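*Asks:* Handing you a structure now.
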Amino acid sequence: MYEKVTCRIRDKIEVSKHYSGRYGAPGMAREEKKKPTPEEMARQNHWRRCRDLRRLLELNFEKGDWHVTLTCKPEERPTREDAPKVIREFLSRLRQQYKKRGWELKYVITCEVGDRGAVHWHMVVNAVSDGQTDTHKLIQDLWKKGRPYFSPLDDPDDFSKLADYLLKEAAKKKDKGETMEKMSYSRSRNLIKPKERREKVRATGWRKDPKIPPGWELVPGSLVNEVNKFTGLPYQHYTIRRKEGAGSGRGEPVHRDKPQRAAPKGRKVHLPPGVPDEQGNADEGRQGND
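Written out as structure tokens, the structure reads:
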């Protein structure tokens, strides 16, 4: 028996399989275990935070949204103690301007302190426009302490580099031995949270080349079959994505799911075996090696 973890991100599904470090893999010799060093644990925790933030970004933002750096003029730089109040007031004004126009503000923001103590912020924000004004102009008008720098999000399929960039301040704090809070960034409450689905699979092992459901394809370079050096047990990671035009026949873009309509009462919507729905439920079909 092993554990299978799936996480659906728009039209992609991330899959991982591993054995329990306590019970091991039946009939399989375990390689030598190794106790992780504090540095290795820190890297692993940073990797998890980056993965979770990357999933959050992929679920809520897309091509055309903005990565904004909010800088301050020397005479306008707040202290570390005053920085939270400064950014809260700015976000409040920006939220009011969005609401005034019938828009919903979505953001992820992190504070960074330079080597010389200069405070600035990195923010990912949804881009909106009504023909008269837009996000770019609103932020320029509202941010009075310095200059905002705008970078458009141009690769919505993989925000790994952006997530790592946003969390680099947290990584620096950890390297210095400083206490780091559980959440290294702030976000608006209206963001969709990624959900993992965990299940026990009654099988002695998995295929090195996983079976891909009809209408889906393996993301190139995502398949990993390795041995966990800390438990001495094998694990597998891979990502599948819906093929272009699969299901609807209209050829919508691969990475832009539309919300599924609710099934009529008394009817059940059937998905391919192993593909979880938006609530994380999946019909695994028959048990066995997958």
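Residue numbers (the numbering used here): 27 to 316. Note that the Cβ used here is the ideal one computed from N, Cα and C, for glycine as well. In this text the structure is predicted, and so the values were computed from the model without any measurement.
1. In angstroms, rounded to a whole number, what distance separates the CA positions of residue 116 and residue 167?
2. Hey, how far is the Cα of residue 80 from the Cα of residue 102?
3. Let me check understanding here. Comparing Cα to Cα, which of 154, 223, 89 lies closest to residue 120?
4. Can the beta-carbon of residue 270 be found closer than 9 Å to that of residue 184?
5. So residue 97 and residue 146 are in contact, right, with Cβ under 8 Å, and what is the actual spacing, rounded?
6. Compare the C-alpha of residue 41 against each of 151, 138, 257, 250 and name the closest.
7. For the 8 Å Cβ check, are there 3 or more pairs between the stretch 128-142 and the stretch 102-113?
8. Quick one: what's got a C-beta closer than 7 Å to residue 156's C-beta in the same chain, skipping five residues either side?
9. Can you tell me whether residue 73 is buried or exposed? The criterion is at least 16 other CB atoms within 10 Å of its CB, across all chains shown.
10. Cutting at 7 Å between CB atoms, please list the residues of its own chain near residue 35, excluding the five before and the five after it.
11. Count the other CB atoms within 10 Å of the CB of residue 124; is the residue buried (16 or more) or exposed (fewer)?
12. Look at the alpha carbon of residue 202 and the alpha carbon of residue 243, and state the distance between them as a whole number of angstroms.
13. Hey, does residue 67 have any beta-carbon neighbour from chain B nearer than 9 Å?
14. Sort 229, 149, 238, 181 by Cα distance to residue 265 and report the nearest one.
15. Could you say which of 89, 95, 235, 248 lies nearest to residue 149 if we only look at CA atoms?
16. Once you ignore the five residues that flank residue 247 on each side, which residues in its own chain have a CB closer than 8 Å to its CB?
17. State the CB to CB distance for the pair residue 212 and residue 75, rounded to an integer number of angstroms; the pair is presumed to be in contact (CB under 8 Å).
18. Are the beta-carbon atoms belonging to residue 43 and residue 191 less than 9 Å from one another?
*Replies:* This is what the structure gives:
1. Numbered from 1 along the sequence shown, position 90 holds the residue referred to as residue 116. Numbered from 1 along the sequence shown, position 141 holds the residue referred to as residue 167. In a straight line, the C-alpha of residue 116 is about 11 Å away from that of residue 167.
2. Position 54 of the sequence shown, counting from 1, holds the residue named residue 80. Position 76 of the sequence shown, counting from 1, holds the residue named residue 102. Cα-Cα distance, rounded: 32 Å.
3. The residue labelled residue 120 in the question sits at position 94 within the sequence shown. Relative to the Cα of residue 120, the nearest Cα in the group 154, 223, 89 belongs to 154.
4. Translated into the one-based positions of the sequence shown, residue 270 becomes position 244. Translated into the one-based positions of the sequence shown, residue 184 becomes position 158. It is not a contact, given that the beta carbons lie outside the stated cut-off.
5. Taking the first residue of the sequence shown as 1, we reach residue 97 at position 71. Taking the first residue of the sequence shown as 1, we reach residue 146 at position 120. Contact flag correct, Cβ pair sits at about 5 Å.
6. By 1-based counting over the sequence shown, the position of residue 41 is 15. Looking at the Cα atoms, 250 is the closest of the given residues.
7. The stretch 128-142, when compared against the stretch 102-113, does touch it at the 8 Å Cβ threshold.
8. On the sequence shown, position 130 is the one that residue 156 refers to. Taken in chain order, the residues that qualify are 127.
9. As a working mapping, residue 73 is identified with position 47 in the sequence shown. By the neighbour-count rule (16 or more Cβ atoms within 10 Å), residue 73 is not buried but exposed.
10. Here residue 35 refers to the residue found at position 9 when the sequence shown is read from its first residue. Excluding positions up to five away in sequence, the list reads 81, 84, 85, 220.
11. As a first step, residue 124 must be located in the sequence shown, where it is residue number 98. Buried, by the Cβ-count rule.
12. Numbered from its first residue, the sequence shown carries residue 202 at position 176. Numbered from its first residue, the sequence shown carries residue 243 at position 217. The pLDDT assigned to residue 202 is 47, lower than 50, so where the model puts this residue is not dependable; a value taken from the coordinates is nonetheless given after this. One C-alpha to the other measures close to 42 Å.
13. The chain inventory of the structure shown lacks chain B, comprising one protein chain alone.
14. On the sequence shown, residue 265 is found 239 positions in, with the first residue counted as 1. Of 229, 149, 238, 181, the residue nearest in Cα terms is 238.
15. Residue 149 sits at position 123 when you count from the first residue of the sequence shown. Closest by alpha carbon: 95.
16. What you label residue 247 is simply residue 221 of the sequence shown in a count that begins at 1. Nothing listed; no residue qualifies.
17. Position 186 of the sequence shown, counted from the first residue, corresponds to residue 212. Position 49 of the sequence shown, counted from the first residue, corresponds to residue 75. Residue 212 to residue 75, Cβ: 14 Å. No contact.
18. Along the sequence shown, read from residue 1 onward, the residue named residue 43 stands at position 17. Along the sequence shown, read from residue 1 onward, the residue named residue 191 stands at position 165. Not a contact, by the Cβ cut-off of 9 Å.
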